[in-house]
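> Can you keep this structure in mind? I'll have questions shortly.
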């Protein structure tokens with residue numbers, strides 16, 4: 018039974034951590050908080066269930082005994098716990114400020130530090146409770162585990178977002194083989210080019226599609242056209258000026274000009290996308306630091 022409630026504590030604390038992480042992401046993105054709230058509720062339920070089982074097992078083992086005592090942690094323990102939690106984060110941040118890549122960290126110390134720090138606080142706050150062992154274990158699962166896991170995960174996520182790899186230093190305790198794991202930087206993909214509408218070519222095609230057959234004799238009789246001595250026809254405009262009829266050569270020229278205009282417009286759009294993508298890379302690479310700012314465009 019002890020293994021069951023221990024696993025429930027761990028599972029509940031893990032779900033709470035995921036819920037808090039999703040909650041922060043949803044708040045930043047402005048998305049609904051339903052999924053994060055559901056994870057938080059399930060995690061809290063599992064921790065409460067583990068607490069009930071823990072209390073039941075403790076009462077069953079010693080129905081008349083006094084509750085187990087918790088030693089009050091001294092100031093040195095608080096300092097040690099705070100150092101375990103904060104120092105790996107600070108070491109990683111110093112490397113981040115100095116543009117070290119990959120950043121080398123030991124986030125497992127941050128997790129242990131978060132658990133130990135909450136335990137130290139509980140030895141003072143819950144010292145007078147009858148079920149202090151159960152309450153302390155629940156507090157460590159509810160607060161200590163998310164504090165440690167998020168303290169390790171959020172800085173790594175921040176570093177990856179700003180295009181820095183993070184190497185988690187680990188070693189096999191028996192063979193001393195390197196078990197380090199690298200968390201890769203977030204990718205920044207250039208937005209794909211949209212489908213080229215070929216607006217100029219479509220305009221020429223639409224003009225051709227709207228063309229209608231002309232009754233030349235009727236147009237000449239109406240005075241809107243006339244035939245020149247060389248046999249060609251011209252259009253007589255309302256103001257008396259004349260304009261020539263478009264021939265196949267002029268049509269080919271219009272198509273070439275329309276195609277060139279479409280290619281020029283597509284090249285300008287592609288250059289704008291590339292510039293925006295490079296600007297995004299530069300801002301993310303130099304941003305997120307306390308002492309280095311991305312250059313203003």
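Residue numbers (my numbering): 18 to 314.
Every residue gets a Cβ at the ideal spot worked out from N, C-alpha and C, and that includes glycine.
If you're wondering where the values come from, they're calculated on a predicted model, not measured in any experiment.
(1) Can you tell me whether DSSP reads residue 191 as helix, strand or coil?
(2) Tell me, please, which residues DSSP counts as bridged to residue 309.
(3) Using beta-carbon positions only, say whether residue 48 and residue 307 come within less than 8 angstroms of one another.
(4) Would you tell me roughly how many angstroms separate the C-alpha atoms of residue 78 and residue 125, rounded to the nearest one?
(5) How many whole angstroms separate the CB atoms of residue 269 and residue 181, which I take to be in contact at a CB cut-off of 8 angstroms?
(6) Report yes if the CB atom of residue 53 is closer than 8 angstroms to the CB atom of residue 39, and no otherwise.
(7) With DSSP as the reference, label residue 12 as helix, strand or coil.
(8) Can you tell me whether residue 207 is buried or exposed, with buried defined as 16 or more other CB within 10 angstroms of its CB?
(9) Please go through the same chain and pick out, in chain order, the residues whose beta-carbon is closer than 7 angstroms to the beta-carbon of residue 36, but skip the five residues on each side of it.
(10) Would you mind working out which of 142, 104 and 144 sits nearest residue 130, comparing C-alpha positions?
(11) Measure the alpha-carbon distance for residue 145 versus residue 198 and round it to whole angstroms.
(12) Pop quiz: residue 89 and residue 140 are said to be a contact at Cβ under 8 angstroms. What is the actual Cβ separation, rounded to whole angstroms?
(13) Which residue comes first and which comes last in the alpha helix (DSSP H) that contains residue 154?
(14) Take residue 202 and list the residues in its own chain whose beta-carbon comes closer than 7 angstroms to its own, dropping the five residues that flank it on each side.
(15) Determine the direct distance from the alpha carbon of residue 68 to that of residue 136, and round the result to whole angstroms.
(16) Who are the Cβ neighbours of residue 195 in its own chain at under 7 angstroms, not counting the five residues just before and after it?
(17) Starting from residue 127, trace the alpha helix (DSSP H) both ways and give me its first and last residue.
(18) Does any C-beta atom of chain B lie closer than 8 angstroms to the C-beta of residue 151?
(19) What residue range is occupied by the uninterrupted alpha helix (DSSP H) comprising residue 93?
(20) Is it buried or exposed for residue 200, if we count other Cβ within 10 angstroms and need 16 for buried?
(21) Flag this pair as yes or no: are the beta carbons of residue 175 and residue 279 separated by less than 8 angstroms?
(22) Less than 8 angstroms between the C-beta atoms of residue 134 and residue 99, yes or no?
(23) How is residue 301 classed by DSSP in three states: helix, strand or coil?
(24) What residues are listed by DSSP as bridge partners for residue 183?
(25) On the three-state DSSP scale, how would you describe residue 216?
(26) Given a threshold of 16 other Cβ atoms within 10 Å of its Cβ, counted over all protein chains shown, does residue 240 qualify as buried or as exposed?
(27) What are the boundary residues of the alpha helix (DSSP H) that includes residue 168?
(28) Hey, residue 128 and residue 166: beta-carbon distance below 8 angstroms or not?
(29) Kindly indicate which residue of 219, 247, 107 and 204 has the alpha-carbon position closest to the one of residue 168.
(30) Look at residue 162 and residue 30 and say whether their C-beta atoms are less than 8 angstroms apart.
Answer, in terms of the structure:
(1) Taking the first residue of the chain shown as position 1, residue 191 is located at position 174. Three-state DSSP puts residue 191 in coil, outside helix and strand.
(2) For the purposes of this step, residue 309 is taken as the residue at position 292 of the chain shown. None; residue 309 has no bridge partner.
(3) Start at 1 with the first residue of the chain shown, and residue 48 comes out as number 31. Start at 1 with the first residue of the chain shown, and residue 307 comes out as number 290. It is not a contact, given that the beta carbons lie outside the stated cut-off.
(4) Within the chain shown, the letter at position 61 stands for residue 78. Within the chain shown, the letter at position 108 stands for residue 125. Spanning the two alpha carbons is a distance of roughly 34 angstroms.
(5) Position 252 of the chain shown, counted from the first residue, corresponds to residue 269. Position 164 of the chain shown, counted from the first residue, corresponds to residue 181. About 55 angstroms; that fails the 8 angstroms criterion.
(6) As a position in the chain shown, residue 53 is number 36, starting the count at 1. As a position in the chain shown, residue 39 is number 22, starting the count at 1. Cβ distance < 8 angstroms, so residue 53 and residue 39 count as in contact.
(7) Shown here, the chain extends from 18 to 314; a query on residue 12 therefore has no answer.
(8) For the purposes of this step, residue 207 is taken as residue 190 along the chain shown, with counting starting at 1. With fewer than 16 other Cβ atoms within 10 Å, it is exposed.
(9) In the chain shown, residue 36 corresponds to position 19, counting from 1. Counting only Cβ-Cβ distances below 7 angstroms, and skipping sequence neighbours, we find 53, 56, 57 and 60.
(10) Taking the chain shown and counting its residues from 1, one reaches residue 130 at position 113. Of 142, 104 and 144, the residue nearest in Cα terms is 104.
(11) Your numbering for residue 145 matches position 128 in the chain shown. Your numbering for residue 198 matches position 181 in the chain shown. So the alpha carbons of these two residues sit roughly 43 angstroms apart.
(12) In the chain shown, the residue the question calls residue 89 occupies position 72. In the chain shown, the residue the question calls residue 140 occupies position 123. Yes, residue 89 and residue 140 are in contact; Cβ-Cβ is about 5 angstroms, under 8 angstroms.
(13) Taking the chain shown and counting its residues from 1, the one referred to as residue 154 is at position 137. Per DSSP, residue 154 belongs to the alpha helix (DSSP H) from 149 to 156.
(14) For the purposes of this step, residue 202 is identified with residue 185 of the chain shown, where counting begins at 1. Correct list, in chain order: 177, 180, 181 and 182.
(15) One-based indexing of the chain shown puts residue 136 at position 119. One-based indexing of the chain shown puts residue 68 at position 51. Between residue 136 and residue 68, the C-alpha separation is close to 16 angstroms.
(16) To locate residue 195, count along the chain shown from 1; it is residue 178. Hits under 7 angstroms: 188.
(17) As a position in the chain shown, residue 127 is number 110, starting the count at 1. Run containing residue 127: 124 to 142, per the alpha helix (DSSP H) assignment.
(18) As a matter of chain content, chain B is missing from the structure shown, which is built from one protein chain.
(19) Indexing the chain shown from 1 puts residue 93 at position 76. Looking at the DSSP string, the run of the alpha helix (DSSP H) that includes residue 93 is 92 to 114.
(20) For the purposes of this step, residue 200 is taken as residue 183 along the chain shown, with counting starting at 1. Buried, since its Cβ has 16 or more Cβ neighbours within 10 Å.
(21) Here residue 175 refers to the residue found at position 158 of the chain shown. Here residue 279 refers to the residue found at position 262 of the chain shown. No; because the gap between Cβ atoms is not below 8 angstroms, this pair is not in contact.
(22) Sequence index remark: in the chain shown, residue 134 carries index 117 (1-based). Sequence index remark: in the chain shown, residue 99 carries index 82 (1-based). Closer than 8 angstroms, so yes.
(23) Numbered from its first residue, the chain shown carries residue 301 at position 284. Correct three-state label for residue 301: helix.
(24) As a working note, residue 183 is residue 166 in the chain shown. Paired residue(s): 120 and 200.
(25) Translated into the one-based positions of the chain shown, residue 216 becomes position 199. The answer is helix: DSSP assigns residue 216 an H, G or I state.
(26) By 1-based counting over the chain shown, the position of residue 240 is 223. Classification of residue 240: exposed, given that the 10 Å Cβ count is below 16.
(27) Within the chain shown, residue 168 is the residue found at index 151, counting from 1. Element bounds for residue 168: 162 to 178.
(28) Here residue 128 refers to the residue found at position 111 when the chain shown is read from its first residue. Here residue 166 refers to the residue found at position 149 when the chain shown is read from its first residue. Contact flag set, yes.
(29) Taking the chain shown and counting its residues from 1, the one referred to as residue 168 is at position 151. If we check each option's Cα against that of residue 168, 107 comes out closest.
(30) In the chain shown, residue 162 corresponds to position 145, counting from 1. In the chain shown, residue 30 corresponds to position 13, counting from 1. Result yes, Cβ atoms of residue 162 and residue 30 sit closer than 8 angstroms.
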